[in-house]
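Here's the structure we're looking at; comments come further down.
2 protein chains.
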Amino acid sequence: MKSIKIPEATIIRLSVYSRYLDKIDIRKSSTVSSDDIAQSVGVNPFQVRKDLAYFGEFGIRGVGYNVKSLNQHLLKLLNLNVKCNIALVGFGKLGHALALYQGFKERGFVFTCIFDSDPQKIGTKVNGVEVISVDRLEEIVEQNHSRIGIISTPAKVAQEIANSLVKARVQSILNFAPVNLNIAPEISLRNVDLAVNLEFLTFNFDDE
Amino acid sequence: MKSIKIPEATIIRLSVYSRYLDKIDIRKSSTVSSDDIAQSVGVNPFQVRKDLAYFGEFGIRGVGYNVKSLNQHLLKLLNLNVKCNIALVGFGKLGHALALYQGFKERGFVFTCIFDSDPQKIGTKVNGVEVISVDRLEEIVEQNHSRIGIISTPAKVAQEIANSLVKARVQSILNFAPVNLNIAPEISLRNVDLAVNLEFLTFNFDDE
Numbered sequence: 033m034k035s036i037k038i039p040e041a042t043i044i045r046l047s048v049y050s051r052y053l054d055k056i057d058i059r060k061s062s063t064v065s066s067d068d069i070a071q072s073v074g075v076n077p078f079q080v081r082k083d084l085a086y087f088g089e090f091g092i093r094g095v096g097y098n099v100k101s102l103n104q105h106l107l108k109l110l111n112l113n114v115k116c117n118i119a120l121v122g123f124g125k126l127g128h129a130l131a132l133y134q135g136f137k138e139r140g141f142v143f144t145c146i147f148d149s150d151p152q153k154i155g156t157k158v159n160g161v162e163v164i165s166v167d168r169l170e171e172i173v174e175q176n177h178s179r180i181g182i183i184s185t186p187a188k189v190a191q192e193i194a195n196s197l198v199k200a201r202v203q204s205i206l207n208f209a210p211v212n213l214n215i216a217p218e219i220s221l222r223n224v225d226l227a228v229n230l231e232f233l234t235f236n237f238d239d240e
Numbered sequence: 033m034k035s036i037k038i039p040e041a042t043i044i045r046l047s048v049y050s051r052y053l054d055k056i057d058i059r060k061s062s063t064v065s066s067d068d069i070a071q072s073v074g075v076n077p078f079q080v081r082k083d084l085a086y087f088g089e090f091g092i093r094g095v096g097y098n099v100k101s102l103n104q105h106l107l108k109l110l111n112l113n114v115k116c117n118i119a120l121v122g123f124g125k126l127g128h129a130l131a132l133y134q135g136f137k138e139r140g141f142v143f144t145c146i147f148d149s150d151p152q153k154i155g156t157k158v159n160g161v162e163v164i165s166v167d168r169l170e171e172i173v174e175q176n177h178s179r180i181g182i183i184s185t186p187a188k189v190a191q192e193i194a195n196s197l198v199k200a201r202v203q204s205i206l207n208f209a210p211v212n213l214n215i216a217p218e219i220s221l222r223n224v225d226l227a228v229n230l231e232f233l234t235f236n237f238d239d240e
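Going line by line, the protein sequences match chains A and B. Going by the working numbering, the first residue of the first sequence is number 33, and it counts up by one from there. Going by the working numbering, the first residue of the second sequence is number 33, and it counts up by one from there.
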C-alpha cells in the first residue's frame, strides 16, 4: 500500500489536519477548503494540497473537501480506525501525566497496561488500569497484544525495558527517556526529547 | 545573521547532534566524523554534512570535526551560550513532570518561575522554586525577564495565559495544551502535541 516514501513532516501534518477536522462542527459546514485548513493549523494552502495529494484526490475544485469523508480517510491512513493497545512503562511524574493526557484519550489511544518497579505504585489504579510490576512486563504485554510500548522510565533502565518490549512483540516504541536506544530496525522507534522543542525556540531568538 | 531560511528539521537535528556531542568523552577522542554522528543519531551522513553546511565549514576532510569546537558552535547557534529564564504556567501532573524533567536541566534550561491557580499548590516548592498564584503572572514574568513561557494548563484557559505571557513580553511560547492559540506573529510559538508522536507510529503499522 505505502510504497512511496512519505516524508515524516507530511505524516505529522496529516495528524494535525485530522485533529482540526475533528473539531469542525459539520452541522454548520460540511465542507472545508485547503485555505481553511492551512490557516487553522499554520501552514500554507499549497502544503495542505501537496500533503493530501500523496494519497489521492480528496477535494473538489471550487468546493473543497467533505469534512467527514476527508477525516475518515485520514484516520484510516493513520491506522486510527482500529483499536490499538498501548503499554506504558514507568509511572513516575511523566508517566502519570501521560496516562492522564487528554490529547491521547481524544484520539482513541488507551493504555491497557501500566508498569512500574516501585512497590508503592504497584497495585494503584489510574483510569481503572492497575499499575503492574515491571517483572511481569513481557508476559502481560504479549497477552494484551500491545502494539505500542511507551517508555517513560529513567534513562539508565530504558534499554533493558526496550529489549523486554521487543521480546513481548510490540511493533513500535515511543521513548521519552533521554537516551539513544538500540533497537532492531523492524521496530519503529520514535524518541520524544522535550528539550528539542525548547532549543527550536532559542534558535529563533533575535540576536542581541 | 540568519538571513537564509533554515528548515525546521535542520534546527531540530542541530539540537540532537549537540546532545550527542555532549556525551562524547573528549579524553578518548577529540574528533568525530559525520559518519559517527549520523550513525549515533540515526540519520545519513550526507544529511549531517548538509545541515552543518548551512552555517559554515566546521570539518576537515579526512579528519572530521573537533568535538569541542563543533559543539560550541552548535550551542551558540542554538543560543544556549546565554542563560534563558523560563516561566512555567500550570503545575498539574504534566507541569510537575516538566519541572523535574532531567533533559531540560542537562541542557541548562531552568524554570525561574512557576504558576498555578490551585491554592493547594501555591506556596509549594520544586527544585527550590516556589509555585506562585497565576494572578501575579504578568508582574513576575516581566520582572524575571523570562524569554520563554511554557503552557501546561488545561486547554480552556491556555489562550488567556498566552495573552498574559505576551503582555509580560515573553519572546516564545511552548504550548502543551491541546488547543490552537492565536498569538501575534512576532512571538515564536511551538505546539507540542504528544498524540502526534503516537500517530506517527500508527501510520507506520503494517497493513494487516
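Heads up, the beta-carbon is just placed ideally off N, CA and C, and yes, glycines get one too. In this text the structure is predicted, and so the values were computed from the model without any measurement.
Any non-hydrogen atom of the ligand HEM within 7 Å of residue i CB
i	result
Val202/B	Annotation note on the ligand HEM: not contained in the displayed structure, which lists no ligands.
CA-to-CA distance, residue j to residue i, given in whole angstroms
i	j	result
Glu174/A	Ala41/B	35 Å
Ala227/B	Ile172/B	32 Å
Ser62/A	Gln191/A	47 Å
Asn103/A	Ile69/A	12 Å
Phe237/B	Leu120/B	36 Å
Val140/A	Lys115/A	Rather than Val, the amino acid found at residue 140/A in this sequence is Gly. Near 8 Å, if we compare the C-alpha coordinates of Lys115/A and Gly140/A.
Tyr86/B	Asn76/B	17 Å
Leu221/A	Leu206/A	6 Å
Lys199/A	Phe147/A	16 Å
Cβ-based burial, residue i [other Cβ within 10 Å; buried from 16]
i	result
Ala131/B	buried
His105/B	buried
Val64/A	buried
Asp150/B	exposed
Lys108/B	exposed
Pro217/A	exposed
Ile58/A	exposed
Pro39/A	exposed
Arg51/A	buried
Ala122/B	Going by the sequence as given, residue 122/B is Gly instead of Ala. Classification for Gly122/B: buried.
Lys153/A	buried
Ile43/B	buried
Reduced DSSP secondary structure (H/G/I, E/B, other) of residue i
i	result
Gly181/A	strand
Glu231/B	helix
Glu138/B	helix
Gly127/A	helix
Tyr97/B	strand
Asn236/B	coil
Leu120/B	strand
Thr156/B	coil
Ser50/A	helix
Glu89/A	coil
Asp150/A	coil
Ile38/B	coil
Met33/B	Confidence at Met33/B is low in this model, with a pLDDT of 48, below 50, so its placement is unreliable and the value that follows should be read with caution. Residue state, collapsed to three classes: coil.
**OP:** Determine, using beta-carbon pairs with one atom in the region 69 to 87 of chain A and one in the region 115 to 127 of chain A, whether at least three such pairs fall under 8 Å.
**Re:** no
Original post:
Which parts of the region 190 to 227 of chain B are runs of the beta strand (DSSP E), unbroken and 3 residues or longer, counting only runs that do not cross its ends?
Top reply: 204 to 207 and 220 to 223
**OP:** Would you list, in sequence order, the uninterrupted alpha helix (DSSP H) runs of no fewer than 4 residues that lie entirely inside the region 59 to 84 of chain B?
**Re:** 66 to 73
**OP:** Specify whether the region 84 to 102 of chain B and the region 175 to 195 of chain A touch according to this definition: at least 3 beta carbon pairs, one from each stretch, less than 8 Å apart.
**Re:** no
**OP:** Could you tell me whether the region 41 to 52 of chain A touches the region 213 to 233 of chain B, where touching means 3 or more Cβ pairs closer than 8 Å?
**Re:** yes
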